[in-house]
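In my numbering, the protein residues as written are 81 to 231.
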């Protein structure tokens, strides 16, 4: 599918929407904990506004070719929203492990048949990746991740 659009305006509006979605549910975050996210949201908003302004001043329409299955794209997007919704219930570790295994299986089955042996072969990589994310957030960035029911 080929779509022609002004990518500056599209990216700017998407950035503004994303920033607004992240800005409003921040009431339960402590005063010191919000400093870094607020700075990132401010930078995101400034860049998004600059992109929208540039899109109107010097419009540059581009043809965007979306390859692959639109159904697969929508399925992965729904999967990410499910992960986002379940992370508070099940906790970051369990939800992220389930999401990574499901995403790996779903996307790999496009190219080949995914057997349990192949998934077991990918298990150390998925565990290492999730562990790096977890340790980076908890130890390096000092961010408390949702614990949920289990972890």
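Backbone N, C-alpha and C fix where the C-beta goes; we use that ideal spot for every residue, glycine too.
Just measuring C-alpha positions, the residue of 184, 130 and 134 sitting nearest residue 155 is 184. Just so you know, the alpha carbons of residue 157 and residue 130 end up roughly 27 Å apart. The C-alpha of residue 229 lies about 11 Å from the C-alpha of residue 175. The residue among 119, 96 and 140 with its C-alpha nearest the C-alpha of residue 88 is 140. Annotation for residue 141: the continuous beta strand (DSSP E) segment containing it runs 141-145. The way I'd put it, the region 96-105 does touch the region 115-124; three or more beta-carbon pairs between them come closer than 8 Å. Exposure of residue 165 is indicated by the presence of fewer than 16 other C-beta atoms within 10 angstroms of its C-beta.
Contact check for residue 135 against residue 95 fails: the beta carbons are separated by 8 Å or more.
Look at residue 189 here: in three-state DSSP terms it is coil, with no helix or strand label. C-alpha of residue 187 to C-alpha of residue 143: approximately 26 Å in a straight line. C-alpha of residue 150 to C-alpha of residue 200: approximately 29 Å in a straight line. Straight across, the Cα-Cα distance linking residue 197 with residue 190 is about 17 Å. Residue pairing for residue 84: DSSP places it in a beta bridge opposite 143. The shortest CA-to-CA distance from residue 221 to any of 84, 171, 115 and 178 is the one to 115.
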